[in-house]
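**Student:** Read in order, the letters of the sequence shown correspond to residues 2 to 113 in this note's numbering.
Glycine residues also receive a C-beta, built at the ideal position from the N, C-alpha and C atoms.
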Amino acid sequence: MRDLIIKLSIADEEAQRFEGRMAMVLAVSEEEAAMLRANIITVHDFLKLARRGTATLRQILETRGTMEPDLARTLDMLIDPAATADELHDRTRECLGQAKFVLAEPKKGRLQ
2 MRDLIIKLSI ADEEAQRFEG RMAMVLAVSE EEAAMLRANI ITVHDFLKLA
52 RRGTATLRQI LETRGTMEPD LARTLDMLID PAATADELHD RTRECLGQAK
102 FVLAEPKKGR LQ
(Lines of atoms letter the chains of each structure in order from A; the text may use other names.)
(Lines give C-alpha, C1' and ligand atoms only; values in the text may rest on other atoms or scores of the structure.)
Protein backbone atom coordinates (compact mmCIF):
# COMPACT_ATOMS: atom_id res chain seq x y z
CA MET A 2 0.00 0.00 0.00
CA ARG A 3 1.22 3.51 -0.85
CA ASP A 4 0.45 6.80 0.79
CA LEU A 5 -0.65 9.45 -1.65
CA ILE A 6 -0.16 13.02 -0.47
CA ILE A 7 -2.13 15.70 -2.23
CA LYS A 8 -1.08 19.29 -1.68
CA LEU A 9 -3.18 22.22 -2.84
CA SER A 10 -1.85 25.75 -2.83
CA ILE A 11 -4.94 27.95 -2.67
CA ALA A 12 -5.95 31.34 -1.35
CA ASP A 13 -7.01 31.64 2.30
CA GLU A 14 -10.62 32.34 1.30
CA GLU A 15 -10.75 29.10 -0.69
CA ALA A 16 -9.04 27.15 2.09
CA GLN A 17 -11.78 28.20 4.51
CA ARG A 18 -14.34 26.44 2.31
CA PHE A 19 -12.67 23.12 3.22
CA GLU A 20 -13.11 23.54 6.98
CA GLY A 21 -15.56 20.95 8.25
CA ARG A 22 -16.13 19.59 4.76
CA MET A 23 -14.86 16.71 2.65
CA ALA A 24 -12.65 16.86 -0.40
CA MET A 25 -13.52 14.72 -3.41
CA VAL A 26 -10.60 13.23 -5.33
CA LEU A 27 -10.97 11.68 -8.76
CA ALA A 28 -8.10 10.50 -10.92
CA VAL A 29 -8.71 11.48 -14.55
CA SER A 30 -6.54 11.82 -17.60
CA GLU A 31 -6.64 15.01 -19.69
CA GLU A 32 -8.84 13.16 -22.19
CA GLU A 33 -11.22 11.97 -19.47
CA ALA A 34 -11.44 15.49 -18.00
CA ALA A 35 -12.24 16.89 -21.45
CA MET A 36 -14.87 14.18 -21.99
CA LEU A 37 -16.41 14.87 -18.56
CA ARG A 38 -16.66 18.59 -19.34
CA ALA A 39 -18.18 17.89 -22.77
CA ASN A 40 -20.69 15.39 -21.31
CA ILE A 41 -21.80 17.83 -18.62
CA ILE A 42 -22.26 20.61 -21.18
CA THR A 43 -24.21 18.29 -23.52
CA VAL A 44 -26.54 17.15 -20.73
CA HIS A 45 -26.95 20.77 -19.60
CA ASP A 46 -27.89 21.89 -23.11
CA PHE A 47 -30.39 19.06 -23.50
CA LEU A 48 -32.05 19.71 -20.15
CA LYS A 49 -32.45 23.41 -20.97
CA LEU A 50 -33.93 22.48 -24.36
CA ALA A 51 -36.30 19.89 -22.86
CA ARG A 52 -37.53 22.34 -20.24
CA ARG A 53 -38.09 25.15 -22.75
CA GLY A 54 -39.48 22.82 -25.40
CA THR A 55 -42.14 21.21 -23.23
CA ALA A 56 -43.27 24.56 -21.83
CA THR A 57 -43.38 26.11 -25.31
CA LEU A 58 -45.29 23.16 -26.73
CA ARG A 59 -47.88 23.46 -23.97
CA GLN A 60 -48.30 27.20 -24.67
CA ILE A 61 -48.67 26.64 -28.42
CA LEU A 62 -51.26 23.91 -28.00
CA GLU A 63 -53.22 25.87 -25.38
CA THR A 64 -53.20 28.97 -27.60
CA ARG A 65 -54.45 27.02 -30.61
CA GLY A 66 -57.05 25.24 -28.52
CA THR A 67 -56.01 21.85 -29.90
CA MET A 68 -54.91 20.27 -26.64
CA GLU A 69 -55.90 16.62 -26.81
CA PRO A 70 -56.32 14.87 -23.45
CA ASP A 71 -53.56 12.32 -24.15
CA LEU A 72 -51.16 15.03 -25.22
CA ALA A 73 -52.03 17.16 -22.19
CA ARG A 74 -51.39 14.22 -19.87
CA THR A 75 -48.07 13.47 -21.54
CA LEU A 76 -46.93 17.07 -21.30
CA ASP A 77 -47.97 17.19 -17.63
CA MET A 78 -45.84 14.09 -17.01
CA LEU A 79 -42.81 15.76 -18.65
CA ILE A 80 -42.91 19.43 -17.63
CA ASP A 81 -42.24 19.14 -13.87
CA PRO A 82 -39.59 16.39 -14.14
CA ALA A 83 -37.82 18.36 -16.90
CA ALA A 84 -37.73 21.44 -14.67
CA THR A 85 -36.55 19.42 -11.66
CA ALA A 86 -33.80 17.67 -13.65
CA ASP A 87 -32.65 21.03 -15.04
CA GLU A 88 -32.46 22.56 -11.55
CA LEU A 89 -30.63 19.54 -10.09
CA HIS A 90 -28.13 19.54 -12.94
CA ASP A 91 -27.49 23.27 -12.40
CA ARG A 92 -26.67 22.56 -8.74
CA THR A 93 -24.42 19.68 -9.78
CA ARG A 94 -22.59 21.94 -12.26
CA GLU A 95 -22.11 24.56 -9.54
CA CYS A 96 -20.61 21.93 -7.24
CA LEU A 97 -18.33 20.41 -9.89
CA GLY A 98 -17.38 23.89 -11.08
CA GLN A 99 -15.48 24.34 -7.82
CA ALA A 100 -13.10 21.50 -8.74
CA LYS A 101 -9.38 22.17 -8.78
CA PHE A 102 -7.48 20.20 -11.39
CA VAL A 103 -3.92 19.30 -10.35
CA LEU A 104 -1.17 17.49 -12.18
CA ALA A 105 1.23 14.91 -10.78
CA GLU A 106 4.70 16.20 -10.05
CA PRO A 107 6.83 13.71 -11.99
CA LYS A 108 10.10 14.10 -10.07
CA LYS A 109 8.72 13.42 -6.61
CA GLY A 110 5.71 11.31 -7.50
CA ARG A 111 3.43 13.61 -5.52
CA LEU A 112 0.35 15.43 -6.70
CA GLN A 113 0.74 19.19 -6.58
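Roughly how many whole angstroms lie between the Cα atoms of Gly54 and Ile11?
**Tutor:** Roughly 42 Å separates the two Cα atoms.
**Student:** Tell me whether the beta-carbon of Ile6 lies closer than 8 Å to the beta-carbon of Val26.
**Tutor:** no
**Student:** For Arg52, count neighbouring Cβ atoms within 10 angstroms of its own Cβ and tell me buried if that reaches 16, exposed if not.
**Tutor:** It counts as buried.
**Student:** Span of the alpha helix (DSSP H) holding Met78?
**Tutor:** Pro70 to Leu97
**Student:** What's the call for Leu48, buried or exposed, on a 16-neighbour Cβ count within 10 Å?
**Tutor:** Its Cβ being crowded by 16 or more others within 10 Å, Leu48 is buried.
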